[in-house]
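Notes follow the structure.
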């Protein structure tokens, strides 16, 4: 077939090539004759030459047209021939494949033959197994008929016993479910009542706080307007038109104040961001502890030690009960074996003895299940407590830098007073709980450092300076625990260690401004009157610190009275006398004051030496970081 394909292609290609050559030769000959005739005629006739050229062009065009037509026809025939050759090749491949399939030389046919052999072997083995299965089924039917005759009476009796036991178990289960539902309902009711009471107190506290803040803001606004008016009047009386130097000085002072305000605004933003981070951490603590306030979190952490001890006791009791139940089970099995060996067991076993033994076995199984479930529940509770303590310790690890945790060794007396044992018997769990409790108590003490003593609105000037220690008043200490807010006019008073190192150019400009102000005041003829007037104004108009001090004292007095009234109501309901309650309150306040004084990071402020130079600024910044107040949280 391949030889035929080559012969056909050669036959088809040879005439085409010869025709092309002949056509080309004819065209070349005609052109040559045309050129020769043109060159040979020396004096050609124009009409005759044009006719010959037209005839030649017509002949050339006709031959070219014929050549193109023959070429198109040849190409068409060549395509048809190629299609027929492709079909011939496909038919040859199909015949070869069919011959292989017919002779079973393909891998599929070989695989089919092998599968047929496997099927024949499998059918033979299956027939043998079916024969053996029929024999075994016949034997099984015979054994089943024999067993039915023997077990008929035993099944009827055991069915009645099982039904009675099932009914008794269902009744017990229903009783337990009812008791558990009642306990859950009572617990939910108590939790809802406690939550309502806590929310009511929080709303009342917030309402009182907002009322006091509104009154203070009104007072401050009226005082500010009055102060502005008085300053404007004094400036108008003492000065006339401003000179060029004074205008430049005023512009510089305004720019300095704007820069100072910007720096203060940035510091407030940083402080508010830090406070927001602390609030987020404390919210996470509340969420992990499942409490609504920090007091509840501390109570839960303080109660962890007692809870762990009680759980350990319950675990020991459950293990002892389990051991006793196992011993009783072993004794019961031993007595049963002895009864069977003595001749009472077997077929001659009495019905009453059988019933008593079965009931004892069922009771032992029930007690075993109860003890096992109690043990698993106790184990899960202990593991949850352990995980919670480790998680709480990891969450509070972020406050190691902000809190002074170096005093953990010195506070071992506080651990003993709180009832926490940090020995190696309770392990790392008790250590983590103890450290977390110390950190939280330290944070709460820093948060709750407010003046509990309430005085009346005092005088101005010297009366306030008598209660000042190191140049700061008690109102400054109270205001230091509040955060700035744009809705309330309460600018915070920063800690005295919160310093800002100013560049030399700023300090020189400030000193120059102070010298200029001093020279202007020396030039003015009304210096004595202005000083006396300013002193008079300072005496008449209360300062911002005094107003904030009075408002904070007033608010603390109101809240103290409310808490005292609530405690008296609770004591009256419990039947406690007022003297006992007051003595308990005095002892509690004394203990809180002792712990606050012993652990307060600001108790040595009066003994700190004034640092100087670059080292002084560094020490002040470190002191500011270690003496942060967390009352904003």
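In the numbering used here, the protein residues as written are 51 to 683. The C-beta atom is built at its ideal place from N, Cα and C for all residues, glycine as well. Please read all numbers here as calculations on a predicted model, not as lab measurements.
#### Entry: Assigned exposure category for residue 253 - 16 Cβ within 10 Å defines buried
Looking up residue 253 in the chain shown gives position 203. When all chains shown are included, residue 253 counts as exposed.
### Message
Is the separation between the beta-carbon of residue 645 and that of residue 495 shorter than 8 Å?
### Response
As a first step, residue 645 must be located in the chain shown, where it is residue number 595. As a first step, residue 495 must be located in the chain shown, where it is residue number 445. Contact flag set, yes.
### Any 3 or more C-beta pairs closer than 8 Å across the segment 270-290 and the segment 361-376
The answer is no - the segment 361-376 does not touch the segment 270-290, with fewer than three Cβ pairs under 8 Å.
### Query
Beta carbon of residue 334, beta carbon of residue 439: below 8 Å?
The sequence position of residue 334 within the chain shown is 284, counting from 1. The sequence position of residue 439 within the chain shown is 389, counting from 1. Contact annotation: residue 334 and residue 439 have beta-carbon atoms that are not nearer than 8 Å.
### Query
So, helix, strand or coil for residue 476, using DSSP?
The residue labelled residue 476 in the question sits at position 426 within the chain shown. Because the pLDDT at residue 476 is just 47, under 50, the model does not fix this residue reliably, and the value given afterwards should be weighed accordingly. Residue 476 falls in the coil class under three-state DSSP.
### Query
Does the separation of the CB atoms of residue 414 and residue 378 fall below 8 Å?
If you number the chain shown from 1, residue 414 lands on position 364. If you number the chain shown from 1, residue 378 lands on position 328. Going by C-beta atoms, residue 414 is nearer than 8 Å to residue 378.
### Query
Since residue 428 is in the alpha helix (DSSP H), which residue starts that stretch and which ends it?
If you number the chain shown from 1, residue 428 lands on position 378. Here the alpha helix (DSSP H) through residue 428 covers 401-445.
#### Entry: Integer Cβ distance of residue 382 from residue 410, believed to fall under 8 Å
Taking the chain shown and counting its residues from 1, the one referred to as residue 382 is at position 332. Taking the chain shown and counting its residues from 1, the one referred to as residue 410 is at position 360. At roughly 6 Å, the Cβ-Cβ gap stays under 8 Å, so residue 382 and residue 410 are in contact.
### Query
Based on Cα-Cα distance, which residue from 445, 267, 314 lies nearest to residue 331?
By one-based count along the chain shown, residue 331 stands at place 281. In terms of Cα proximity to residue 331, the closest of 445, 267, 314 is 445.
### Boundaries of the alpha helix (DSSP H) in which residue 391 is found, first to last residue
Against the chain shown, residue 391 aligns to sequence position 341. Its alpha helix (DSSP H) spans residues 344-391.
### Query
By a C-beta neighbour count over all protein chains shown, 10 Å radius and 16 as the cutoff for buried, is residue 605 buried or exposed?
In the chain shown, the residue the question calls residue 605 occupies position 555. It is buried - the Cβ of residue 605 has at least 16 other Cβ atoms within 10 Å.
### Query
Among 599, 345, 623, which one has its Cα closest to the Cα of residue 492?
Counting from 1 along the chain shown, the entry for residue 492 is found at position 442. It is 345.
### Task
Check residue 144 in the structure and name its three-state DSSP category.
Position 94 of the chain shown, counted from the start, is the residue given in the question as residue 144. DSSP, reduced to helix, strand and coil, places residue 144 within a helical segment of the structure shown.
### Message
Using only the alpha-carbon positions, how far apart do residue 231 and residue 182 sit?
### Response
Stepping through the chain shown from its first residue, residue 231 is reached at position 181. Stepping through the chain shown from its first residue, residue 182 is reached at position 132. Inter-residue distance for residue 231 and residue 182 is about 60 Å (C-alpha atoms, whole angstroms).
### Query
Quick one: what does DSSP say residue 155 is sitting in, helix, strand or coil?
The sequence position of residue 155 within the chain shown is 105, counting from 1. Per DSSP, reduced to three states, the secondary structure at residue 155 is coil, with no helix or strand assignment.
### Task
Would you please state the rounded distance, in angstroms, between the beta carbons of residue 348 and residue 336? I believe it to be under 8 Å.
Within the chain shown, the letter at position 298 stands for residue 348. Within the chain shown, the letter at position 286 stands for residue 336. Rounded to the nearest angstrom, the Cβ distance from residue 348 to residue 336 is 11 Å, too far for a contact under 8 Å.
### Query
For residue 621, which residues from the same chain have a beta carbon less than 6 Å from its beta carbon, with the 5 sequence-adjacent residues on both sides left out?
By 1-based counting over the chain shown, the position of residue 621 is 571. Counting only Cβ-Cβ distances below 6 Å, and skipping sequence neighbours, we find 631.
### Query
By Cβ distance, which residues of its chain are closer than 7 Å to residue 684, with the 5 residues on each side in sequence left out?
The shown model of the chain, from 51 to 683, leaves out residue 684, and the question about it has no answer.
### Task
Could you check how far apart the C-beta atoms of residue 428 and residue 319 are, in whole angstroms? I think they sit under 8 Å.
Here residue 428 refers to the residue found at position 378 when the chain shown is read from its first residue. Here residue 319 refers to the residue found at position 269 when the chain shown is read from its first residue. The pair is not a contact, with the Cβ atoms about 50 Å apart (cut-off 8 Å).
### Message
To the nearest angstrom, how far is the alpha carbon of residue 408 from that of residue 624?
### Response
Along the chain shown, one-based indexing puts residue 408 at 358. Along the chain shown, one-based indexing puts residue 624 at 574. Cα-Cα distance, rounded: 52 Å.
### Query
Using CA coordinates, which residue listed in 342, 389, 479, 603 is at the minimum distance from residue 359?
In the chain shown, the residue the question calls residue 359 occupies position 309. Answer by Cα proximity: 479.
#### Entry: Counted within 10 angstroms of its Cβ, other Cβ atoms place residue 430 as buried (16 or more) or exposed
Here residue 430 is taken as the residue at index 380 of the chain shown, counted from 1. By the 10 Å Cβ count, residue 430 comes out exposed.
### Message
With distance defined between alpha-carbon atoms, name the residue in 422, 310, 338, 406 nearest to residue 434.
### Response
For the purposes of this step, residue 434 is identified with residue 384 of the chain shown, where counting begins at 1. Minimum Cα distance to residue 434 is reached at 338.
### Query
In angstroms, rounded to a whole number, what distance separates the CA positions of residue 148 and residue 119?
Here residue 148 refers to the residue found at position 98 when the chain shown is read from its first residue. Here residue 119 refers to the residue found at position 69 when the chain shown is read from its first residue. C-alpha of residue 148 to C-alpha of residue 119: approximately 44 Å in a straight line.
### Query
So is the beta-carbon of residue 449 under 7 Å away from any non-hydrogen atom of the ligand SAM?
With respect to the ligand SAM, the structure offers nothing, as it holds no ligand at all.
### Query
Closest by CA to residue 616, which one among 248, 305, 602, 490?
For the purposes of this step, residue 616 is identified with residue 566 of the chain shown, where counting begins at 1. Checking every option, the nearest Cα to that of residue 616 belongs to 248.
### Query
Going by the CB atoms, is the gap between residue 449 and residue 419 shorter than 8 Å?
Position 369 of the chain shown, counted from the start, is the residue given in the question as residue 419. Position 399 of the chain shown, counted from the start, is the residue given in the question as residue 449. Annotated as distal: residue 419 and residue 449, with beta-carbon spacing of 8 Å or more.
### Residue nearest to residue 343 in terms of C-alpha spacing, selected from 302, 251, 171, 391
Locating residue 343 in the chain shown gives position 293, where the first residue counts as 1. Distance from the Cα of residue 343 is smallest, within the candidate group 302, 251, 171, 391, for 251.
### Task
Put residue 285 into one of helix, strand or coil per three-state DSSP.
For the purposes of this step, residue 285 is taken as residue 235 along the chain shown, with counting starting at 1. Residue state, collapsed to three classes: helix.
### Message
According to DSSP, is residue 201 part of a helix, a strand, or is it coil?
### Response
The residue given as residue 201 occupies position 151 in the chain shown. It is helical.
### Message
Rounding to the nearest angstrom, what Cα-Cα distance links residue 210 and residue 218 in this structure?
### Response
Position 160 of the chain shown, counting from 1, holds the residue named residue 210. Position 168 of the chain shown, counting from 1, holds the residue named residue 218. When rounded, the distance between both Cα atoms is 13 Å.
#### Entry: residue 169 versus residue 188 - alpha carbon distance
In the chain shown, counting from the first residue as 1, residue 169 sits at position 119. In the chain shown, counting from the first residue as 1, residue 188 sits at position 138. C-alpha of residue 169 to C-alpha of residue 188: approximately 28 Å in a straight line.
#### Entry: Sequence-distant residues of its chain with Cβ nearer than 7 Å to residue 341 (five each side left out)
The residue you call residue 341 lines up with position 291 of the chain shown. Cβ neighbours of residue 341 beyond the five flanking positions: 347, 350.
### Query
Does the separation of the CB atoms of residue 601 and residue 262 fall below 8 Å?
Here residue 601 is taken as the residue at index 551 of the chain shown, counted from 1. Here residue 262 is taken as the residue at index 212 of the chain shown, counted from 1. Going by C-beta atoms, residue 601 is nearer than 8 Å to residue 262.
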